[in-house]
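Numbers given in our numbering equal positions in the sequence shown, counted from 1, plus 120.
Beta carbons: idealized from backbone N, C-alpha and C, even for Gly.
Worksheet: the structure to be examined is printed underneath.
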Amino acid sequence: MTHELLFHLMLLLLGSAGLVVLCHRLVLAGLAFGPWGLGQLGDAGAIRVLAEVGVVLLMFTIGLEFSLPRLLAARRLVLGLGGSQVALTTAVFAGGFILAGVSPAFAVILGGAFAMSSTAIALKQLGEQGELRTVHGQAATAVLLFQDIAAVPFLVLLPLLGNDGGSFGSPLGITLVKALLVFVTLAVLGRKLLPRILHWVADTHSLELFMLTVLSLALAAADLSMVAGLSATLGAFMAGMLLGETHFRHQVEADIRPFRDLMLGVFFISIGMQLDPGILLRQPLWVLAVVTGLVLLKGLLIWVLVRLFGHASDDALRVAAVLAHGGEFGLLLVSQVMLLALVDSVLLQPVLAGLILSMLLAPLLIRFNGRLVRRRGSAYLPGEPENLPERVGELHDHAVICGYGALGQGVAAVLEERNVPVLAIDRDARLVRECRANGHAVLFGDAGNAVLLELARLPQARALAITFHDPPAARRIIAQARRLRPGLPILVHTEHGWTGDEERLPPNVTIFDSVLESSLMYARALLLLAGVDDQSSERAVAEVRASDYSVLRQAEPEDDHAL
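The structure is reproduced here in structure tokens:
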């Protein structure tokens with residue numbers, strides 16, 4: 121590693137951090153330090169490699185979200201509406217590129233870029249607005265799911281077009297056969313081997329080994345796909361899809377997400393490096409045409425399709441507002457075409473600029489989608505129960521239980537009797553398997569991982585319980601919970617105290633000492649057996665609690681060490 125490379129990476133990270141703080145856009149960091157900015161990153165080879173790793177990890181996490189049962193359950197929306205949207209939008213915009221002189225094969229790729237919307241932007245904004253379970257939210261999610269799947273063949277076709285001069289020809293058939301062989305290999309071997317590997321690693325209780333194994337599997341699948349002459353993203357997607365069917369999915373995503381987000385940040389920076397800001401001055405009308413096409417023409421096509429699938433006009437308009445912008449895969453497709461010099465960059469620079477500008481506008485369009493319709497809200501899907509434990513992404517006002525042993529399961533049973541939804545987290549793989557088989561909502565992983573707590577919908581929870589006795593681990597969980605949801609009530613189980621620093625705990629954290637409480641309840645039961653009336657027994661218990669268990673603390677043996 122050279123001094124020059126380290127300097128470039130340091131400059132890029134520091135500059136990106138400053139620009140993200142100021143304007144929350146990593147693309148601007150690429151603009152600032154790229155060849156059309158300060159020119160400090162002349163050799164972008166290393167950055168491009170990191171960006172490609174980010175895309176591989178993105179496809180891996182998309183695979184985690186994909187499952188055949190989920191696809192079949194919503195096949196009319198996903199395959200019907202989603203497939204129609206991608207096909208129609210691709211065809212319309214591909215026709216425009218053909219009229220502009222682009223070969224039909226490349227025009228289809230560029231049309232596919234316009235068909236894509238940003239899954240990250242749309243779902244994040246809908247989730248923050250509480251609209252994921254609305255009619256328009258469900259329809260938009262179905263379309264986004266199909267777009268993520270459809271991006272895979274587009275990415276697979278790109279290397280073919282670069283090698284074949286823009287013609288699909290016979291190599292496409294060979295590549296499809298290779299893709300089928302890779303799919304069969306991963307499906308047959310991976311379905312049996314990958315879960316067993318993760319079970320074995322999980323049983324070691326080493327979270328570091330688990331994380332390294334997950335990263336290795338993702339990159340190994342990508343490498344296998346490349347050896348077969350296919351895109352690395354295809355192998356990563358398939359590996360993610362296979363792991364997504366296991367109960368390790370949430371911990372896998374929690375482990376991968378920090379690396380994915382970091383590398384994707386580099387990807388967006390690399391996109392900014394390819395954008396010439398002068399294009400806004402030299403070809404403003406072309407850039408405006410691209411943005412207009414994405415927002416108005418693409419939005420109109422989506423509105424028509426949603427109406428044809430039987431939705432009300434208002435809901436169709438809101439779906440259009442949510443999806444009428446460019447996406448990460450659109451940027452990726454256009455940037456790859458530019459890198460391979462497959463189409464004149466004079467034509468692609470306005471396209472790239474328009475895609476980026478539309479993504480900057482997307483949060484505003486989604487935020488105010490309700491103002492585009494006559495009524496203020498959209499109906500929730502009829503017949504959906506309020507709390508389905510298996511649908512983690514829709515849980516709200518629930519209790520999160522960290523540790524699902526005997527104590528955790530007992531607490532969950534009482535809460536569920538009172539109609540309080542429960543979602544548990546435990547790092548014992550065998551226990552999680554058994555509990556999930558019995559219908560319990562349990563995630564596998566380390567509850568001290570902030571990403572896993574987010575996946576458990578902690579910001580939307582009503583309370584958090586830590587049922588195991590491990591003060592250092594409990595402190596990590598409390599710290600993450602305070603960051604994600606300040607003020608969330610937290611109940612912590614301990615034995616023999618909390619190292620004497622309870623007064624320094626936040627006011628929303630309550631310590632439950634099982635040894636002291638058991639002693640107190642045992643004493644109360646004995647008082648009743650000894651003939652002391654119930655009122656006097658209860659008063660004695662209340663006095664001990666009011667004194668912070670001072671009587672019991674003084675009676676503790678000297679060799680009972682506080683942890």
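Asked, Found
"Distance check for D566 and R659, CA to CA, integer angstroms please.", "41 Å"
"Out of S237, A225, E554, which has the shortest C-alpha to C-alpha gap to G446?", "S237"
"For the beta strand (DSSP E) that contains A207, what are its first and last residues?", "Premise fails: A207 lies in the alpha helix (DSSP H), 203-219, not in any beta strand (DSSP E)."
"By the 10 Å Cβ neighbour count, where 16 or more other Cβ atoms means buried, how is G497 classified, buried or exposed?", "In this prediction, G497 scores a pLDDT of 41, lower than 50, which makes its location untrustworthy; no coordinate-derived value is stated."
"Ends of the alpha helix (DSSP H) at F234?", "224-235"
"Taking 6 Å as the limit between beta carbons, can you name the residues of its chain near R556, skipping five residues before and five after?", "H367, V562"
"Pick helix, strand or coil for D517, following the three-state DSSP scheme.", "coil"
"Below 8 Å between beta carbons: does that hold for M358 and A341?", "yes"
"Could you pull out every residue in the same chain whose Cβ sits closer than 7 Å to the Cβ of D268, ignoring the five residues on either side in sequence?", "I182, T239"
"How about A585 and V635: do their beta carbons lie closer than 8 Å?", "no"
"From which residue to which residue does the beta strand (DSSP E) around L309 run?", "Careful: L309 lies outside any beta strand (DSSP E) and carries neither H nor E."
"In terms of DSSP beta bridges, what is V629 paired with?", "I610"
"Do F266 and G364 have their beta-carbon atoms positioned less than 8 Å apart in this structure?", "no"
"Should H325 go down as buried or exposed, given a rule of 16 or more other Cβ atoms within 10 Å for buried?", "exposed"
"Near L421, what residues of its chain come up, given a Cβ to Cβ distance below 8 Å and the 5 sequence neighbours on each side ignored?", "Q205, L208, T209, V212"
"Whole angstroms are fine: how far does the CA of L515 sit from the CA of I229?", "38 Å"
"Could you have a look at H144 and say whether DSSP puts it in helix, strand or coil?", "Residue placement at H144 cannot be trusted, given a pLDDT of 43 that sits under 50; what the coordinates show is reported in the next sentence. Coil at H144, not helix or strand."
"For the beta strand (DSSP E) that contains A544, what are its first and last residues?", "542-546"
"Taking the alpha-carbon positions, what's the P505 to G450 distance?", "Per-residue confidence for P505 stands at a pLDDT of 32, beneath the threshold of 50, marking its modelled position as unreliable; no derived number is given."
"Against chain C, does V255 count as a neighbour if the rule is that its beta carbon must be under 8 Å from one of theirs?", "Structure shown: chain C not included; a single protein chain is present."
"Give the secondary structure of F564 by DSSP, where H, G and I count as helix, E and B as strand, and everything else as coil.", "strand"
"In angstroms with no decimal places, state the Cα-to-Cα distance between L649 and V664.", "19 Å"
"One question on the structure: do L452 and V176 come within less than 8 Å of each other, judged by their Cβ atoms?", "no"
"Does A581 come out as helix, strand or coil in the three-state DSSP assignment?", "coil"
"Under the assumption that D435 contacts H560 (Cβ atoms under 8 Å), give the Cβ distance between them as a whole number of angstroms.", "With a Cβ gap of about 35 Å, D435 and H560 do not count as contacting."
"Leaving out five residues before and five after L197 in sequence, what residues of the same chain have Cβ atoms less than 8 Å from its Cβ?", "Q258, A259, A262, V263, F429"
"Is it buried or exposed, E251, if we count other Cβ atoms within 10 angstroms and call 16 or more buried?", "buried"
"Check P505 in the structure and name its three-state DSSP category.", "With a pLDDT of 32 at P505, under the threshold of 50, the predicted position of this residue should be treated as unreliable, though the coordinate-derived value follows. P505: coil per DSSP, three-state reduction."
"For A594, which of D546, G216, G568, G413 has the nearest alpha-carbon?", "G568"
"What are the partner residues of I241, as DSSP defines its beta bridges?", "Answer by DSSP bridge pairing: none, since I241 is not bridged."
"To the nearest angstrom, how far is the alpha carbon of V407 from that of F387?", "22 Å"
"L184 and R369 - do their beta-carbons sit closer together than 8 Å?", "yes"
"Whole angstroms are fine: how far does the CA of V347 sit from the CA of A409?", "41 Å"
"Helix or strand or just coil, what does DSSP make of T366?", "coil"
"From G607, A271, I521, pick the residue whose C-alpha is nearest to that of L572; which is it?", "I521"
"To the nearest angstrom, how far is it from the Cα of P553 to the Cα of V471?", "It should be noted that the sequence gives Arg, not Pro, for residue 553. Cα to Cα, the separation comes out at about 48 Å."
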